[in-house]
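Notes for the one structure printed next.
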Amino acid sequence: MAATAAPGGAPAADGAPGDGVPYAVELRGITKRFPGVVANRDIELRVRRGEVHAIVGENGAGKSTLMKTLYGMHRPDEGTILLDGRETTLRSPADAIAAGIGMVHQHFMLADNFTVLENIVLGSEPTRRGRLDRAEARRRILDISDRYALNLDPDVLVEDLGVGDRQRVEIAKVLYRGATTLILDEPTAVLVPQEVDELFGNLAELKREGLTVMFISHKLDEVRKVADSITVIRRGTTVGTADPKTTTARQLAELMVGSELPSPETRTSTVREAAVLQLDGVTVAALTGRPAVDDVALTVREGEVVGIAGVEGNGQAELVEAIMGLRALTAGSIAFAGQDVSGWSTRARREGGIGFIPEDRHRQGMLLEAPLWENRILGHQTRPPAVKGPFIDRRSARADTERIMSEYDVRAPGPDTLAHALSGGNQQKLIIGREMSAAPKLLIAAHPTRGVDVGAQSAIWELLKDARAEGLGILLISADLDELIGLSDTLHVMLRGRLVATLDPASLTPEELGGHMTGAHDGSVGAA
Amino acid sequence: MTALRRLGTSLAAPALAVVVALVITTLVIVLIGQNPLTALQVLVDFGDTPAQQTQAIVVILNRAVPLFLAGLAVSVAFRMGLFNIGVEGQYRMATVVAAGVGAAVVLPGPLHVLLIMVVAMAVGALWAGIVAVLKVTRGVSEVISSIMLNFIALGTASFLLTGPLRGSPEGASIITTERLPASAQFPALNGLFGALGLAQPRGQLFGFLLVAVVVGIVVSVLLKRTRFGFDLRATGLSPSAATASGIDARRMVVKTMLISGAIAGLIGLPDLLGRTYSFGTEFTAGLGFLGIAVALLGRNSPLGIAFAALLFAFLDRAAVPLQFADIPASVVTIIQGTIVLSVVIANEVSRQVTKRRAGRQSGQATPPAADATGPAGTRIDARQEAGA
Numbered sequence: 068m069a070a071t072a073a074p075g076g077a078p079a080a081d082g083a084p085g086d087g088v089p090y091a092v093e094l095r096g097i098t099k100r101f102p103g104v105v106a107n108r109d110i111e112l113r114v115r116r117g118e119v120h121a122i123v124g125e126n127g128a129g130k131s132t133l134m135k136t137l138y139g140m141h142r143p144d145e146g147t148i149l150l151d152g153r154e155t156t157l158r159s160p161a162d163a164i165a166a167g168i169g170m171v172h173q174h175f176m177l178a179d180n181f182t183v184l185e186n187i188v189l190g191s192e193p194t195r196r197g198r199l200d201r202a203e204a205r206r207r208i209l210d211i212s213d214r215y216a217l218n219l220d221p222d223v224l225v226e227d228l229g230v231g232d233r234q235r236v237e238i239a240k241v242l243y244r245g246a247t248t249l250i251l252d253e254p255t256a257v258l259v260p261q262e263v264d265e266l267f268g269n270l271a272e273l274k275r276e277g278l279t280v281m282f283i284s285h286k287l288d289e290v291r292k293v294a295d296s297i298t299v300i301r302r303g304t305t306v307g308t309a310d311p312k313t314t315t316a317r318q319l320a321e322l323m324v325g326s327e328l329p330s331p332e333t334r335t336s337t338v339r340e341a342a343v344l345q346l347d348g349v350t351v352a353a354l355t356g357r358p359a360v361d362d363v364a365l366t367v368r369e370g371e372v373v374g375i376a377g378v379e380g381n382g383q384a385e386l387v388e389a390i391m392g393l394r395a396l397t398a399g400s401i402a403f404a405g406q407d408v409s410g411w412s413t414r415a416r417r418e419g420g421i422g423f424i425p426e427d428r429h430r431q432g433m434l435l436e437a438p439l440w441e442n443r444i445l446g447h448q449t450r451p452p453a454v455k456g457p458f459i460d461r462r463s464a465r466a467d468t469e470r471i472m473s474e475y476d477v478r479a480p481g482p483d484t485l486a487h488a489l490s491g492g493n494q495q496k497l498i499i500g501r502e503m504s505a506a507p508k509l510l511i512a513a514h515p516t517r518g519v520d521v522g523a524q525s526a527i528w529e530l531l532k533d534a535r536a537e538g539l540g541i542l543l544i545s546a547d548l549d550e551l552i553g554l555s556d557t558l559h560v561m562l563r564g565r566l567v568a569t570l571d572p573a574s575l576t577p578e579e580l581g582g583h584m585t586g587a588h589d590g591s592v593g594a595a
Numbered sequence: 003m004t005a006l007r008r009l010g011t012s013l014a015a016p017a018l019a020v021v022v023a024l025v026i027t028t029l030v031i032v033l034i035g036q037n038p039l040t041a042l043q044v045l046v047d048f049g050d051t052p053a054q055q056t057q058a059i060v061v062i063l064n065r066a067v068p069l070f071l072a073g074l075a076v077s078v079a080f081r082m083g084l085f086n087i088g089v090e091g092q093y094r095m096a097t098v099v100a101a102g103v104g105a106a107v108v109l110p111g112p113l114h115v116l117l118i119m120v121v122a123m124a125v126g127a128l129w130a131g132i133v134a135v136l137k138v139t140r141g142v143s144e145v146i147s148s149i150m151l152n153f154i155a156l157g158t159a160s161f162l163l164t165g166p167l168r169g170s171p172e173g174a175s176i177i178t179t180e181r182l183p184a185s186a187q188f189p190a191l192n193g194l195f196g197a198l199g200l201a202q203p204r205g206q207l208f209g210f211l212l213v214a215v216v217v218g219i220v221v222s223v224l225l226k227r228t229r230f231g232f233d234l235r236a237t238g239l240s241p242s243a244a245t246a247s248g249i250d251a252r253r254m255v256v257k258t259m260l261i262s263g264a265i266a267g268l269i270g271l272p273d274l275l276g277r278t279y280s281f282g283t284e285f286t287a288g289l290g291f292l293g294i295a296v297a298l299l300g301r302n303s304p305l306g307i308a309f310a311a312l313l314f315a316f317l318d319r320a321a322v323p324l325q326f327a328d329i330p331a332s333v334v335t336i337i338q339g340t341i342v343l344s345v346v347i348a349n350e351v352s353r354q355v356t357k358r359r360a361g362r363q364s365g366q367a368t369p370p371a372a373d374a375t376g377p378a379g380t381r382i383d384a385r386q387e388a389g390a
């Protein structure tokens, strides 16, 4: 592996790389604590002048905390920051800007009804006799635009710009203030692939002009494409540096999560005879036109994972809601563990043993403004440990929340923390923990790893595999083809509300599956 | 520690709102050319003799009881995201019918009072139930329908008062229902002053205070400690998540409106059973709307609402003495109005602060960019090694 275990091999004592030029940015032993949590611990980071330096890590690894330290948004509890070899104290973003550090936030901070020029100069306007000197501003902006090939038109309103253009305005804003080191926080998260390429072009220009770019991301392929060097952060500390030219994305990912990555694959079949879910002719009306779900029949057995593949919007969401009793059937029947549950309420279905991981956890899975223990009992408020008769059993609910937090590695200060303080992966692990705690017979898992990072993803896969081995039937809806192929025992393809193909995941490539999903293989629909 | 801090945050907002309201009112009083200090003096001057002082306390408590009930009625609906603007109509209908029924039957004491309470709660619930049914079956916004039903309630109450339930003689200047018999009158709590060694006030302290306290405790337990209360709050926080968790949202709307309406039905009873003994054209109006303000100020928690009701009652008491000091009584209304306005703003500010603090606790400053590093062990690693 090309990644070294830890930075430290290089001559570090004088804060300079071998060639004698000091590092543009050097962090030594940075530690930042928040109540109950150490967000950053002994961070070591060295960024050479004129390079694109990527900082990668899972969601929640502490990247943003680190960048906020560097941008003066808070002060570290321990450690020193060296800029160009000089020890520096950053008390506020203004200090950071004065020291030549600029930050391009993930969420743009632009006034829509201002022009590009007005947005760029906002806060540091050139003035002449007390009035905004537009000519001077325009001259400087066009100069920046030309020098770094940003292609800006100073007179367009920002509201008329696309996302990529807005990002360039943000970059220009930072350059206008004289930044020589730019921090880009997940800059590609909001861009489409073509815009990503343009951004990388801009970064190359910046680098050519001698500026330093720090690039935060967890998209490993992009990082390898654009970065000159990479620092990996795991659980709040830097765990190593890597050379993007000789490191594979997989090696980087392993460095990020701290061990070899598991694959979603499950090969030994645990499928049993008894069916837990049988859909027969299930049809759900749409607001207009053809039914959202059209005559769907499928069976999920104990210990079986049945996957549903499909381009989003082909009726998967409606099918899930129909199974959970959130949407009425116009025809067909749903049998759960041998009983017809078509007329049952959602609560009756949940009490009967159907677990539910909704696709949009904020909309259907959590009360964001409620504490974790209340989220623990959401959907289970009719059963122990949530209740004692008609009363909520707060003590047991809290205790059980703590159990879930430790068993499912939900990282949060405690059961009284509000749900929105958790990262997406931790929220998802709490949801999965709570659904599993009710010992369901059937689990409806809609996009169980959507929006969670690599570490949480593999943990969730393991949980699903373990549950399957113990006889849980799982209906898996996902847009992640590797996940579908890897986890499923049977795989159906859903297209325009119908199941158009049943495939064997053991001998299927993502490319073939993709073909079925778009209807390219419609002619070859065979097995039922 | 955290509980204390949370309490601090939740008290800070209303306290700030009251201060802002006082500043604005001071400005208003200065603008109309009066001395704000005089007004302040009047506000806190409860009289010279012990009897006058206890009387002031009685006036405040007697005013606070219906305000508290009104605030509770509004807050129950608020907690699940329903705006019951119709409390005004609900209590007017409930009071006129209860007054009519109470005067028409003969029963021994406690039973008579109980019957009147049950009738009032039933009528209030029924009137609120119309709103719920319209919302559940026809999708009518409860704000619109409850406002409209307020007008219908006022009209209907007038009709009942002047028609079938009229008790006052023909040609009397104040039209009332028939006076309730002695068995239907709620005993006063004046014995309390004697027991505490205080001077006997001129007026009577509403015995209904005890009912209000019980209702407050019941509502508090219901909301915080029961499954039903959890369902209700969950629906208020996120209707979609509540539905997905198995809560029947339509049934919750109906149940919540019935409870809200039943509490609203009680609002008129302290006055009816403790002072006027009949419903009439002069009967206290506007309590339903004040209830919205009280619920806002009390942040929808029963304890908070109790404090808010006391504050409003304290201000209301000064309305008459202020006029003696040549200051318009509407100063009180101005204070109340600005308190409500500033409390809405202060609540939002404190919500943001709590949110940010919650975010910081898990090591992140902005909610969307989740960056929480837990002190967690090596759980993931262990799992992955097992799986790899």
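The listed protein sequences correspond, in order, to chains A and B. Per our numbering, the first sequence starts with residue 68, numbered consecutively. Per our numbering, the second sequence starts with residue 3, numbered consecutively. Where a beta carbon is used, it is the ideal one built from N, C-alpha and C, also for glycine.
query: Any heavy atom of the ligand FMN closer than 7 Å to the CB of B:G196?
result: Ligands are entirely absent from the displayed structure, and the ligand FMN is therefore not among its contents.
| query | How about A:V454: is its C-beta nearer than 8 Å to some C-beta of chain B? | reply | yes
Query - Identity of the residue in A:L219, A:E379, A:L149 and A:A166 nearest A:V183 by Cα - result: A:L219
Worksheet item: Using a C-beta cutoff of 8 Å, does A:E550 count as contacting chain B?
Response: no
Query raised in the report: What are the boundary residues of the alpha helix (DSSP H) that includes A:I471?
Result: R461 to E474
Opposite A:H559 in the DSSP bridges: which residues? A:I375 and A:T569
Contacting residues, own chain, Cβ-Cβ under 6 Å from A:R113 (five flanking each side not counted): Y90 and E93
Quiz item: Looking at C-alpha atoms only, which residue of A:R450, A:L287 and A:D179 is the closest neighbour of A:V521?
Solution: A:L287
_Between the CA atoms of B:G248 and A:A402 - distance to the nearest angstrom_ = 18 Å
Item to check | Host alpha helix (DSSP H) of B:Q55 (start-end) | outcome: P52 to R81
inquiry  = When you compare the CB positions of A:S545 and A:H583, do they come within less than 8 Å of one another, or not?
reply    = no
Check your understanding: Roughly how many whole angstroms lie between the Cα atoms of B:K226 and A:T308?
Key -> 51 Å
*Spatial neighbours of A:D460 within its chain, please: CB distance less than 8 Å, with the 5 preceding and 5 following residues excluded, ordered by chain position.*
P451, P452, A453 and V454
Where B:G88 falls: helix, strand or coil (DSSP):
coil
Any chain A beta carbon closer than 8 Å to B:F48: no
Between the segment 240 to 252 of chain B and chain A, which residues of the former have CB atoms less than 9 Å from a CB of the latter, in chain order? S240, S242, A243, A244, T245, A246, S247, G248, I249 and D250
One or two residues paired with A:Q318 in a DSSP bridge: Per DSSP, none; premise fails for A:Q318.
Q) Under 8 Å between C-beta atoms, does B:F208 make it to chain A? A) no
ask   = Closer than 8 Å, CB to CB, is B:R301 near chain A or not?
value = no
Beta-carbon proximity list for A:L278, same chain, < 6 Å, skipping 5 on both sides:
T247
Checklist entry - Any idea what DSSP makes of A:K25, helix, strand or coil? => result Since the displayed chain A opens at 68 and closes at 595, residue 25 of chain A lies outside it and no answer follows.
- Query: What three-state label does DSSP hand B:M259 in the structure shown?
  - Reply: helix
Terminal residues of the alpha helix (DSSP H) in which A:T413 lies:
T413 to G419
Say whether chain A places a C-beta atom closer than 8 Å to the C-beta of B:F326.
no
Practice prompt. In angstroms with no decimal places, state the Cα-to-Cα distance between A:A512 and A:S473.
Written response: 22 Å
*Taking only beta-carbon positions, decide if B:R229 is within less than 8 Å of chain A.*
yes
* DSSP three-state call for A:K312: helix, strand or coil? -> coil
ask   = Is the beta carbon of A:Q494 less than 8 Å from the beta carbon of A:R428?
value = yes
Would you say A:I459 lies against chain C (beta-carbon separation less than 8 Å)?
In the structure shown, chain C cannot be found, because the protein chains are A and B.
**Prompt:** For B:N152, which three-state DSSP category applies?
**Reply:** helix
Query - Of the listed residues A:E537, A:R291 and A:E203, nearest to A:A506 (C-alpha basis) - result: A:E537
Could you work out which residues of chain A lie near B:A236, taking near to mean beta carbons separated by less than 7 Å?
L434 and L445
Practice prompt. Taking only the alpha-carbon atoms, compute the straight-line gap between B:G141 and A:E272 and give it to the nearest angstrom.
Written response: 58 Å
query = Using 8 Å as the limit for Cβ to Cβ distance, is B:F195 near chain A?
reply = no
So B:A197 and B:F208 are in contact, right, with Cβ under 8 Å, and what is the actual spacing, rounded?
Not confirmed; about 17 Å, so no contact.
| query | Any C-beta of chain B sitting closer than 8 Å to the C-beta of A:A512? | reply | no
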